[in-house]
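For reference, the structure is listed below as structure tokens.
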Amino acid sequence: MQFRQVQGMHDILPEQVGRWQRLEATFRRVVEAHAFSELRTPLVEPTALFVRSIGDATDIVEKEMFVLEREGESLALRPEGTASAARAFVEHAVHAREPVTRWYYLGAMFRAERPQRGRQRQFHQAGCEVYGDPGPWVDAELMELVLTFLREAGCPELELHVSSLGGPETRARYRDALVAHLTPRAAALSETSQRRLATNPLRVLDSKDPADQAVVAGAPSLLDLLEGDDRAHWDELLASLDSLGVPYVVDPALVRGLDYYTRTLFEVRSSAGGLGAQNTLVGGGRYDAMIGELGGPPVPAIGFALGLERLLLATEGAPAPTGRPRCFVAPLGARARREALGLARELRASGAVVEVDTRGGSLKSLLRRADSLGSRLCLVLGDGELDRGVVQVKDLASHERADVPRGALVEDVRRRLAGAPGSPE
RNA sequence: GUGGGUGUAGCUCAGUGGUAGAGCACUGGAUUGUGGCUCCAGGUGUCGCGGGUUCAAUUCCCGUCACUCACCCCA
């Protein structure tokens, strides 16, 4: 009986891990430069947390959560990161310690959807959350951060979409206006849209169904209804983006599938090949009411999340990162193999990356192995070298060979590796 | 949940009603301790699984499972 990876969940083999590490390092560097600190939360939360924050009429909560029932309590594998971070923010009363909190996270999320290109059941997101700043300037800063990161990650062909849902009052007014517009035309809507008209009318807006789009085309735009502070927030956000020189598309049809958003909403899409139908790289927005709804103080918040797998798909063509230069130790015979282990220890202590052959084989096969590993150096250690107290250092790139006395070996290797491509220096 | 596509060596795939191949990869060798190129040699497959038709099925039919792409929705 062989076992397989669970549907929609994938191993990431070492040959791919280099790209992941580089991406994660880039993300950390950019967000830390923006003064964000890392938050780590459990992968499992009370199911009710997600129901409360994401919304009970959303697809995520309705059908996509991995739920574990355990001794009367219902737990769920986190489908996204914002709810957990908000829970942690409230639970630790972080608002009482600092006026503004800037957190970032990186990790696995779980949604029981049908997998396809750019969509998995276990996937990875990186995201940022800011608590305690009502915006709109921080909203613009976050978008700038996202685009800076994507650019540094080597992601091409980006499009930033922005919109605003307004505050609760505007949203309620718009909801009424939309329902008033759609209800007489309900017969022309698709089945799911008819259902959503009752449960979550805003979601009808981003239906891809052609019939729905025709009906929606004549609907009023929420952006036109923005008034007062909502309008000022929106205008100032756009002015800030203009001032930053960040290109964007105002997209009134942008309606995120999570219920908790208020005012600012944004999304980054890419037309990069390799992405397939799932071309949304980043989704984010403001959720000023959530902290209060989770039992915390009325602290405004905004955040975004980006999908690492999708980003990797979008940057597929980029060259894989090269690891640190390696050194291969090729001992010939039992005596040399014994000696080689200590040699390798010394070299590693000096910072080198060393693989030592412990299996035996002809020198030819060992050199072949050293070469296929991409080693920079091969240290040949046979009876002749042992008797003379030297090690033959072979440079695989230049073919140069040199007998180096044991005592000078570590320094010699360090010097040679330092000049090699991929070395930290 | 719905629809399409695909399941043959480790990987990418070809192929035929008479129990199967290529390339890559891997291992060894091309005069005894010097790799990358080239050449030679070598091994492996329940042809996804179950059933049916047939003298005979990997090849035809049915079912099933898996993977995959798309819809829905989302990162």
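Mapped onto this note's numbering, the consecutive letters of the first sequence carry residue numbers 1460 to 1884.
Every residue, glycine too, gets a C-beta built ideally from N, C-alpha and C.
Beta-carbon proximity list for residue i, same chain, < 6 Å, skipping 5 on both sides
i	result
E1775	G1733
H1620	V1708, D1710, L1713, E1726
R1745	T1721, R1722, T1723, I1761
P1593	P1759
V1815	V1788, A1799, A1803
H1554	P1756, V1758
A1861	V1852
V1559	G1591, D1592
R1630	L1624
P1790	R1796, A1799, L1840
S1699	W1596, A1599
P1615	A1731
Straight-line Cα distance separating residue j from residue i
i	j	result
P1407	D1668	Residue 1407 lies beyond the residue range present for the chain, which begins at 1460 and ends at 1884; the question has no answer from this structure.
P1538	N1659	20 Å
E1884	G1878	Confidence at E1884 is low in this model, with a pLDDT of 45, below 50, so the placement of that residue should be treated as unreliable; the coordinate-derived value is given next. Using only the alpha carbons, I get a separation of about 8 Å.
A1678	H1640	6 Å
E1611	T1485	7 Å
L1697	S1680	17 Å
V1701	W1596	The amino acid occupying residue 1701 in the given sequence is Asp; Val does not appear at that position. Going by the C-alpha atoms only, they are around 12 Å apart.
D1518	A1691	32 Å
E1550	R1818	55 Å
G1792	D1842	8 Å
C1837	D1846	19 Å
M1749	S1622	19 Å
G1467	Y1633	38 Å
E1695	D1689	10 Å
R1561	D1683	32 Å
R1644	V1675	10 Å
E1805	V1812	11 Å
R1576	L1637	34 Å
A1773	L1822	43 Å
R1463	N1738	28 Å
D1885	R1654	Missing from the structure shown is residue 1885; the chain here goes from 1460 to 1884 and no further.
E1528	D1665	34 Å
E1521	G1531	20 Å
W1693	L1601	15 Å
D1470	T1642	48 Å
G1540	G1514	14 Å
C1786	D1854	10 Å
G1801	A1867	15 Å
Of the listed residues the options, nearest to residue i (C-alpha basis)
i	options	result
L1565	L1876, L1527, D1688, W1479	W1479
V1526	A1547, A1877, D1515, E1504	E1504
L1840	A1856, R1794, S1824	R1794
E1859	E1844, R1632, V1663, R1875	R1875
D1447	G1754, A1507, Y1719	There is no way to answer for residue 1447, as the model of the chain reaches only from 1460 to 1884.
F1582	R1573, A1555, Y1590	R1573
A1891	G1743, D1515, L1684	Since the first and last residues shown for the chain are 1460 and 1884, residue 1891 lies out of range.
V1489	G1467, Q1653, Y1563, L1536	Y1563
R1578	E1532, A1736, S1622, G1591	A1736
A1779	L1534, T1560, K1823, V1476	V1476
A1516	T1607, L1656, H1493	L1656
Y1590	L1682, L1604, E1528, A1545	A1545
P1706	A1673, L1606, A1636	L1606
V1465	R1580, E1588, E1628	R1580
H1493	P1615, R1796, P1790, E1588	E1588
G1687	G1626, P1615, E1528, G1820	G1626
G1782	E1474, H1469, D1470, Q1461	E1474
A1507	L1601, L1534, S1824	L1534
Neighbourhood of residue i by C-beta distance below 7 Å, restricted to the same chain and skipping five residues each side
i	result
G1671	Per the sequence shown, the amino acid found at residue 1671 is Asp instead of Gly. Around D1671: L1648, S1649, S1652, V1663.
D1871	V1852, V1863
Whole-angstrom C-beta distance between residue j and residue i, which should lie under 8 Å
i	j	result
V1599	L1685	Here the sequence assigns Ala to residue 1599, which means Val is not the residue at that position. So it is not a contact: roughly 17 Å between Cβ atoms.
F1509	A1542	5 Å
L1753	R1511	7 Å
T1500	A1567	With a Cβ gap of about 12 Å, T1500 and A1567 do not count as contacting.
R1865	G1848	5 Å
S1730	L1740	Not really, about 11 Å apart at Cβ, beyond 8 Å.
L1892	L1609	Residue 1892 lies beyond the stretch modelled for the chain, which goes from 1460 to 1884, so this question has no answer here.
S1809	V1869	5 Å
A1777	G1613	5 Å
L1502	L1472	Not really, about 22 Å apart at Cβ, beyond 8 Å.
L1482	L1771	7 Å
Cβ shell of residue i (< 8 Å), same chain only, five flanking positions each side left out
i	result
E1523	P1538, R1570, A1571, E1572
A1673	A1647
G1751	P1757, V1758
>> With three or more beta-carbon pairs closer than 8 Å as the criterion, would you say the region 1824-1841 touches the region 1750-1768?
In response: Flag = no, the region 1824-1841 and the region 1750-1768 do not touch.
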